[in-house]
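Numbers -7 to 594, taken from the working numbering, label the letters of the sequence shown in order.
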Amino acid sequence: MFKSQSYWRHSALAVCCIFTAPSASTSYGATASDGADAGERFRAQIEPILSKVCYDCHADGVEKGDFSLDDFESIEEHLADRKLWLKVWENLRAEMMPPAEKTQPSHDERLKVIAWIEKEVFKLDANNPDPGRVTIRRMNRVEYEHTVKDLLDVDFDAEEVLPADDTGYGFDTIGDVLSISPMLMEKYLEAARQVVSQAIVPQDPVIPSVSIEGEKFKATAPSKKTGKYLSFAQGGQVSTKRVIEHPGDYRFSIECRTQGSSEATSHSANLRVLVNGKDIGGDSLGWDNRKSITITAKGALGEGENILTLALQEDSPPQPDEKPLSLVISKVKIQGPLDGSYKVYPKDYYRIFFKGGAPKEPVARQAYTKDILRRIADRAFRRPVDDGTLDRLVKLSQLALDQPNAKFEDGIAYATTAILASPRFLFRAEIQPEPDNAGKIVPLDEYALASRLSYFLWSSLPDEELMELARKGELRENLDEQIDRLLADKKSQRFVENFVGQWLQTRDIEGVNVDPRRVLGIKDLSAAFKVFGSRQRRGMRLETETLFAFLLKENRSALELFTADYTFLNESLAKFYGITGVKGDEMQKVALPKDSHRGGIL
């Protein structure tokens, strides 16, 4: 069972963090090694211990096991014999030597020699560990899809453009196998063009509109009437207030429907639209089998607060054998000012062009270009873009703008294509202060840590909160909280699907070739597929993924992967398993009988 600390949290830390506190060991008082000092420390601190417990069998001409500890010309040669000291280190750690019947070193002496070998011979430094060579990881196809979705809100099918990723040890996230070739680079350039063509589209500003839900229109207290239900017979008025910044003529579109009878009736009413008490239009209503009716009117709205009222009045009552009707107002759309004095761009336009259209003045236009490209590049590169790179991107944008009939958006699109084809985007590079200094070992910077964390748990780039903490240098001190936040987000399901999908090969469940007729002993193919078809296959995949996600997010014991007396089922999978009492398509936790073999992953 797990300790009180979260196992899953610390698993994340192990993957995402470069350095932890040094592991407990006995220090023998040495600092950096160099020849003479190392020899002096050996003579003064280590050789007396070896002389007491080792030299009797492995020195002074005695070489039991063909092993000697004093056969060397110089101390430098002695310390350079890593093969010899590796044997000493292994036997001391395993307490295989000295033999039980021989003089034994004390516990502290044993640890002292082990620490000396690690420091002076193996060159290990617990205070500045060498992380080894870290291959720069290229994004795989899954990560590419999620990254462009979170960066530009584009749904892109990477499998249609990019070739399958190589795998190592069964996973497609191993940096050493995620190579890149000239052909793949061409594919990435094509992918970048396709993504940008969806993300950045020239658009013209339009007259703005806003929709107000019918339930927001309410009668004066104490009445509880709303626009969601107005009886023809009773009629009544419902109103709402609207603050207007841009006065002028507006168009009002009321989307509604009548209800109450499945057959035509003579029951009718009249709906009027009023602005600040003034009637601006309306229409008669009666039985109508359409799902939606639209009534339009046009009127002036002044600057500041305006009162919008919908008034219903019965025209003719139903006949005695007819059912009464009522009105349901779905929403009211308000559009204006109709003279075009104030326009806005479509909502999705502001995702890239956050200030709206481009300024006409050249200096302001270039500054806006720089602001847009900085926002995109900072997120795409997972760290602040340097000024030199940003200037080159602005120049690329200008090159596109210099073409005939080019629009401002075309320049941004051209530079954004370059961003998405850049190695800084395609590779999760972790830039260090002195990249050419092989002896310089430093912890990951905060931006690289944010990137590792988000790609581990979200298969995508860091969000605004992670980037802001990295910018402030506060991510490490808030790492536990951020891991909890990322796991709680629905995007963590990507980690579950990718990891479990490859570890337990659940990705293959829905596609593996199985003849249900042979497995089930049913001759008719259609009947066999009804028992075991695509719904049951999908349920089996979700069963395993949901179990893993449950253990992860609830901090349960990893042993429950094998010992769980419960599982997760929906109705179709439960029926296939012969388990009753499960309803609906959603996966739900189900307790299993004691003799059931359905629990866990085995």
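All C-beta atoms in this analysis are idealised placements derived from N, C-alpha and C, irrespective of residue type, glycine included. This one's a predicted model, so the numbers in the text were calculated from it and none came from an experiment.
Query: Apart from the five residues just before and just after L584, which ones in its own chain have a Cβ nearer than 7 Å to its Cβ?; Result: D557, Y558, T559, R590, G591
Query: What are the start and end residues of the alpha helix (DSSP H) that includes Q190?; Result: 174 to 191
Query: How far does the alpha helix (DSSP H) with F373 in it extend, from its first residue to its last?; Result: Where F373 is concerned, there is no enclosing alpha helix (DSSP H), given that its DSSP letter is neither H nor E.
Query: Could you tell me which residues DSSP puts in a beta bridge with L300?; Result: T232, V267
Query: If you run the structure through DSSP and keep just helix, strand and coil, what is V434?; Result: coil
Query: I think L553 touches L143, with their Cβ atoms under 8 Å apart; what is that distance to the nearest whole Å?; Result: Contact flag wrong, Cβ pair sits at about 34 Å.
Query: Let's test the definition: count the other Cβ atoms within 10 Å of the Cβ of H50 and tell me whether it reaches 16, buried, or not, exposed.; Result: buried
Query: Can you give the Cα-Cα distance for L70 and H99, rounded to whole angstroms?; Result: In the sequence on display, residue 70 carries His and not Leu. Approximately 25 Å, taken between the alpha carbons.
Query: Can you give the Cα-Cα distance for R343 and N505, rounded to whole angstroms?; Result: 44 Å
Query: Rounded to a whole number of angstroms, what is the C-alpha to C-alpha distance between R468 and R384?; Result: 33 Å
Query: Any contact between the segment 60 to 70 and the segment 126 to 134? By contact I mean 3 or more CB pairs, one from each, below 8 Å.; Result: no
Query: Using a 10 Å radius around the Cβ and a threshold of 16 neighbouring Cβ atoms, would you call N281 buried or exposed?; Result: exposed
Query: So, does the segment 349 to 361 touch the segment 222 to 242, judging by three or more C-beta pairs under 8 Å?; Result: no
Query: Please name the residue or residues paired with V386 in a DSSP beta bridge.; Result: DSSP, once it has assigned bridges, lists no residue as partnering V386.
Query: Quick one: what's got a C-beta closer than 6 Å to A369's C-beta in the same chain, skipping five residues either side?; Result: V377, I411
Query: Based on Cα-Cα distance, which residue from E82, Y161, I109 lies nearest to Q497?; Result: Y161
Query: Secondary structure at A16, three-state DSSP: helix, strand or coil?; Result: Only weak support is given to the placement of A16: the predicted model assigns it a pLDDT of 34, under 50, and the value that follows is read from those uncertain coordinates. If DSSP states are grouped into helix, strand and coil, A16 belongs with coil.
Query: Quick one: is V198 buried, meaning 16 or more other Cβ sit within 10 Å of its Cβ, or exposed?; Result: exposed
Query: Report buried or exposed for D507, applying the criterion of at least 16 other Cβ atoms within 10 angstroms of its Cβ.; Result: exposed
Query: Is the shortest distance between the beta-carbon of R366 and the beta-carbons of chain C less than 8 Å?; Result: Absent from the structure: chain C. Only one protein chain is present.
Query: Note down, in chain order, each residue of its chain lying with its Cβ closer than 6 Å to the Cβ of V45, except the 5 sequence neighbours on either side.; Result: P90, T95, P97
Query: Tell me Q305's beta-bridge partners as DSSP assigns them.; Result: N262
Query: Using three-state DSSP, classify E255 as helix, strand or coil.; Result: coil
Query: For V235, which residues of its own chain have a beta-carbon under 8 Å away from its beta-carbon, when the five flanking residues on both sides are left out?; Result: G296, E297, N298
Query: Where does S245 sit, in a helix, a strand or coil, going by DSSP?; Result: strand
Query: Put D577 into one of helix, strand or coil per three-state DSSP.; Result: coil
Query: Whole angstroms is fine: what's the gap from L300's alpha carbon to P316's?; Result: 27 Å
Query: How would you label F346, buried or exposed, when you count the other beta carbons within 10 angstroms and need 16 or more for buried?; Result: exposed
Query: Taking its Cβ as the centre, do 16 or more other Cβ atoms sit within 10 Å of Q528, making it buried, or is it exposed?; Result: buried
Query: Is it true that the segment 485 to 494 meets the segment 435 to 455, where meeting means three or more beta-carbon pairs spaced less than 8 Å apart?; Result: yes
Query: To which residues does DSSP link Q327 through a beta bridge?; Result: S201, R243
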